[in-house]
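Okay, so here's the structure we're looking at.
There are 4 protein chains.
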Amino acid sequence: MASSRTRRIFQAAIDVFSEYGFEKATMDEIAARAGVAKGTVYYHFKSKEDLFVFLVEEGTKLLHEQVLARIPADAKAEQRLRVVIRELLAFFRANRDFCIIILREAWGEEGRQREFRRMLVHFVHAIREIIDAGVASGELMVEAPDTVSWSIFGAVSNTALHYLFMDKEYDLLSLSPQLERSLIHGFVSPAL
Amino acid sequence: MASSRTRRIFQAAIDVFSEYGFEKATMDEIAARAGVAKGTVYYHFKSKEDLFVFLVEEGTKLLHEQVLARIPADAKAEQRLRVVIRELLAFFRANRDFCIIILREAWGEEGRQREFRRMLVHFVHAIREIIDAGVASGELMVEAPDTVSWSIFGAVSNTALHYLFMDKEYDLLSLSPQLERSLIHGFVSPAL
Amino acid sequence: MASSRTRRIFQAAIDVFSEYGFEKATMDEIAARAGVAKGTVYYHFKSKEDLFVFLVEEGTKLLHEQVLARIPADAKAEQRLRVVIRELLAFFRANRDFCIIILREAWGEEGRQREFRRMLVHFVHAIREIIDAGVASGELMVEAPDTVSWSIFGAVSNTALHYLFMDKEYDLLSLSPQLERSLIHGFVSPAL
Amino acid sequence: MASSRTRRIFQAAIDVFSEYGFEKATMDEIAARAGVAKGTVYYHFKSKEDLFVFLVEEGTKLLHEQVLARIPADAKAEQRLRVVIRELLAFFRANRDFCIIILREAWGEEGRQREFRRMLVHFVHAIREIIDAGVASGELMVEAPDTVSWSIFGAVSNTALHYLFMDKEYDLLSLSPQLERSLIHGFVSPAL
DNA sequence: CATGAATGAGGCTTCATTCAT
DNA sequence: CATGAATGAAGCCTCATTCAT
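Residue numbers (this note's numbering), protein chains in the order written: chain Y, 20 to 211; chain B, 20 to 211; chain E, 20 to 211; chain G, 20 to 211.
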């Protein structure tokens with residue numbers, strides 16, 4: 020990702036993939052939005068698939084930097100989970116197009132789709148470790164940590180996706196308190 | 020959906036769409052799996068898009084019959100939410116391919132994608148009504164019923180999807196107790 | 020052309036052919052407009068081409084009855100030419116769709132196109148005979164009777180076509196005096 | 020129409036269209052005759068229709084250059100009409116295929132057909148202006164200049180078409196004196 | 001490094017025709 | 001006689017990829 024030419028093409032690709040999906044996106048459109056000739060795209064990326072693979076790698080890196088790396092190592096489990104939820108929403112807001120791509124292209128048996136799932140699995144695994152630690156310390160009570168980890172991820176990502184498609188500019192961060200509360204504490208009235 | 024021929028083609032379409040996604044699925048493959056000539060597919064459905072539209076309609080009907088219609092009208096909110104979760108999982112198990120299609124093709128701006136979202140919105144709205152009733156009766160305590168409804172749906176569907184892609188035959192119903200518990204009551208140890 | 024069924028289909032064919040042209044017309048549309056099943060069309064006419072051949076035959080007959088047969092055998096050449104022009108315009112008015120088909124499909128090397136040209140040649144030959152007779156009697160002075168015959172036919176038919184496409188209901192007969200005069204006498208001011 | 024490749028394809032298109040007509044012509048055949056791959060045709064012209072539109076534009080230009088621009092501005096009306104007839108025949112001879120296409124595809128309601136008619140209307144209008152001028156100067160005596168203009172055009176074009184289909188190599192220019200004379204002066208014997 | 005013309009495999013769709021009922 | 005479901009050849013068009021400049 021050295022040259023700025025490469026980056027311009029890459030950004031155009033994210034743009035186009037998120038708008039059309041992998042199959043319907045065309046290399047012509049990507050080249051046009053990047054403002055380069057089609058041959059140039061092929062000079063920097065060997066194929067359409069390759070462009071997509073790059074996306075996964077880049078995304079994994081970003082997810083690390085912008086979400087996982089920000090989880091406080093020494094806080095309590097609940098607090099760490101709250102941070103995950105909040106930062107994941109922030110990540111969605113900051114990388115809208117990219118997130119749409121991932122969540123749309125993760126379910127299937129094509130090579131790139133497995134790649135995307137691997138990335139999600141990796142992320143969910145991080146959630147799981149927080150939960151495991153919380154359980155070990157007696158702070159949390161979770162029978163099926165794997166299921167719970169996926170359901171947290173699913174709840175946050177699907178909800179975010181829904182609001183983004185309702186309104187491109189929706190401030191996802193405002194959902195954070197509600198999601199944190201309902202996911203961690205549930206919503207049955209304590210009184211009952 | 021009268022003739023059995025029509026149904027055969029429709030089933031083949033679900034099959035192929037779930038395996039390849041809308042864009043990559045080919046009418047040739049659908050015809051081959053249905054065991055008819057390509058022209059026959061077009062005799063029964065006027066286009067690829069049309070086949071997809073049928074899918075939405077059929078799916079909406081199934082979702083109604085197999086999930087929404089089974090929610091007990093007079094039970095308590097918590098109980099009704101548990102049923103929704105359980106039946107949704109059962110629905111995923113019974114209509115694996117169809118569900119994969121929906122969740123994959125729901126996010127985008129194409130006509131069929133909006134159609135799918137409309138269907139999801141409809142379903143989530145049903146969850147929301149249960150929550151509203153529970154809040155009205157004091158049984159539940161929910162600040163943001165919309166967000167919570169989407170997060171329930173997202174949690175269940177994403178988790179189901181994940182397990183299905185890990186193992187086609189995974190018994191999704193076994194996830195039900197865990198999801199019911201963690202979603203409704205949260206998972207912070209009561210002790211703390 | 021016995022049964023009324025056959026006639027209904029034939030009329031529908033003229034309708035559709037004149038609207039779409041031979042190639043773009045479909046047997047489905049013809050069947051639909053005739054109010055019969057597609058198989059029925061094939062029961063009465065062996066193929067699309069066959070339907071077209073019928074058209075030529077039928078048209079030739081009509082042209083005979085409605086134009087050629089009305090030329091007074093014993094009148095002077097000029098008078099007979101005037102009748103030809105007038106009756107040809109009347110024929111266009113009465114068989115609008117059919118005439119459009121003929122003039123559109125006459126120029127090409129396909130079998131049916133040669134057939135149509137044969138029909139035109141036959142008609143133009145009738146004009147030529149009038150001219151020849153007029154020349155023989157000293158009434159007319161024509162160096163190239165063949166060329167003149169075609170140019171009369173071309174002038175009348177093209178002009179008619181133009182007005183019909185400007186206005187479906189245009190009264191073609193009103194063109195008759197003008198065409199008769201200008202074709203037979205020319206239009207250079209006699210004074211000069 | 021810059022590159023020679025583009026021109027080769029265009030020529031092949033005229034060739035094929037004139038031989039088969041718009042509907043029956045295939046892009047495969049055009050590509051084959053141009054000696055390029057099918058994709059190449061689409062690289063230069065975005066659709067079959069587009070190729071046809073080009074034809075109209077190109078043809079309109081040629082008609083201007085080769086016919087209309089050659090009409091002497093200061094000659095007498097009769098002389099100018101003679102030139103129109105002569106140059107139109109020359110145009111038919113020089114652009115045989117193109118002319119066949121135009122006259123065959125001008126009558127119908129499709130977009131391209133209206134386009135072709137527009138072109139003819141433009142041309143006939145030029146004839147009409149000559150006639151109008153001749154009438155104004157007292158040189159001609161024409162009651163219905165519009166009808167006469169169309170009939171001149173129809174006479175020349177239909178006659179030319181007929182001879183071309185009889186003999187591809189027929190020397191159309193030899194028809195000019197006959198057509199000029201019979202159209203302008205009529206053919207009733209002056210003696211009578 | 002960059003270009004963009006050229007390619008051809010492959011996809012969607014149409015439609016004349018057949019044939020079992 | 002009549003039907004309409006079924007067929008498959010054939011047409012239009014797209015687009016990832018290559019390559020000579």
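For every residue, glycine included, the Cβ atom is placed at its ideal position computed from N, Cα and C.
A quick note: this is a predicted structure, and the numbers were derived from the prediction, not measured.
- Neighbourhood of His181 of chain E in chain G, by CB distance below 7 Å: Trp169, in chain order.
- In the structure shown, the three-state DSSP call for Val167 of chain Y is helix.
- If you draw a 10 Å sphere on the C-beta of Ala174 of chain B, you find 16 or more other C-beta atoms in it, and that means buried.
- Sequence-distant partners of Leu139 of chain E (beyond 5 residues in either direction) whose C-beta falls short of 8 Å from its own C-beta, in its chain, are Ile121, Ala125 and Phe172.
- Shortest Cα-Cα distance from Ala145 of chain B to any of B:Glu76, B:Arg27, B:Arg89 and B:Asn114 involves B:Arg89.
- At least 7 Å separates the CB of Glu48 of chain Y from every CB of chain B.
- Between the C-alpha atoms of Tyr189 of chain B and Val35 of chain E there is a straight-line separation of about 58 Å.
- Measuring C-alpha to C-alpha distances from Val167 of chain G to each of G:Gly205, G:Gln197 and G:Ser156 identifies G:Gly205 as the nearest.
- Using a CB distance below 9 Å, the part of the segment 37 to 65 of chain E facing chain G consists of Glu38, Tyr39, Gly40, Phe41, Glu42 and Lys43, ordered along the chain.
- Think of a sphere of 8 Å around the beta carbon of Gln197 of chain G: the chain E residues whose beta carbon falls inside it are Glu162, Ala163, Thr166 and Val167, in chain order.
- Beta bridge pairing from DSSP links Val207 of chain E with G:Leu159.
- If one requires a minimum length of 4 residues, the alpha helix (DSSP H) runs lying completely within the segment 92 to 125 of chain G are 96 to 113 and 115 to 124, in chain order.
- CA-to-CA, the gap between Glu158 of chain G and Val207 of chain G works out to about 20 Å.
- Within the same chain, no Cβ atom closer than 6 Å to the Cβ of Asp186 of chain B is found once the five residues on either side in sequence are excluded.
- Listed along chain E is no residue with a C-beta nearer than 7 Å to that of Ile104 of chain G; the closest approach is about 10 Å.
- Between Phe29 of chain Y and the set Y:Lys43, Y:Glu42 and Y:Gly78, the nearest pair of CA atoms involves Y:Gly78.
- Glu188 of chain B sits in coil when the DSSP states are folded into three classes, being neither helix nor strand.
- Think of a sphere of 8 Å around the beta carbon of Phe142 of chain E: no beta carbon from chain G falls inside it, the nearest being about 12 Å out.
- Contact annotation: in the segment 110 to 143 of chain B, residues whose CB is within less than 7 Å of a CB in chain Y are Ile119, Leu122, Arg123, Trp126, Gly127 and Arg136.
- In the structure shown, Thr59 of chain B falls within a helical segment according to DSSP collapsed to helix, strand and coil.
- With respect to the 7 Å criterion, Val143 of chain G and Val154 of chain G are not classified as neighbours on the basis of their beta carbons.
- Contacts with chain E at 7 Å (Cβ-Cβ) include Gly173 of chain G.
- Look at Thr178 of chain Y here: in three-state DSSP terms it is helix.
- For Ile146 of chain E, no CB of chain G lies under 7 Å from its own CB, so it is not counted at the interface with that chain.
- Assignment of Ile28 of chain Y by DSSP, reduced to helix, strand and coil, places it in the helix class.
- In this structure, Ala31 of chain E lies away from Ala56 of chain E, with their beta-carbon atoms at least 7 Å apart.
- Per DSSP, the unbroken alpha helix (DSSP H) holding Val75 of chain B starts and ends at Lys67 to Gln85.
- Using a Cβ distance threshold of 7 Å, Leu108 of chain E and Leu192 of chain E count as a contacting pair.
- A distance below 6 Å between beta-carbons, with the five flanking residues on each side excluded, links Gln85 of chain G to the following residues of its chain, in chain order: Phe110.
- The beta-carbon of Leu159 of chain B is placed less than 7 Å from the nearest beta-carbon of chain Y.
- Taking C-beta atoms under 8 Å as the contact rule, Ser170 of chain B and Leu100 of chain Y fail to qualify, at a distance of about 14 Å.
- Interface residue (Cβ-Cβ distance to chain Y less than 7 Å): Thr178 of chain B is classified as such.
- Residue state for Ser22 of chain E is assigned as coil, using DSSP reduced to three classes.
- The C-beta distance from Gly127 of chain E to Gly40 of chain G rounds to 6 Å, short enough to fall under 8 Å.
- A direct Cα-to-Cα measurement between Glu76 of chain E and Asn177 of chain G gives close to 22 Å.
- For Thr25 of chain Y and Gly130 of chain Y, the gap between their C-alpha atoms comes out near 23 Å.
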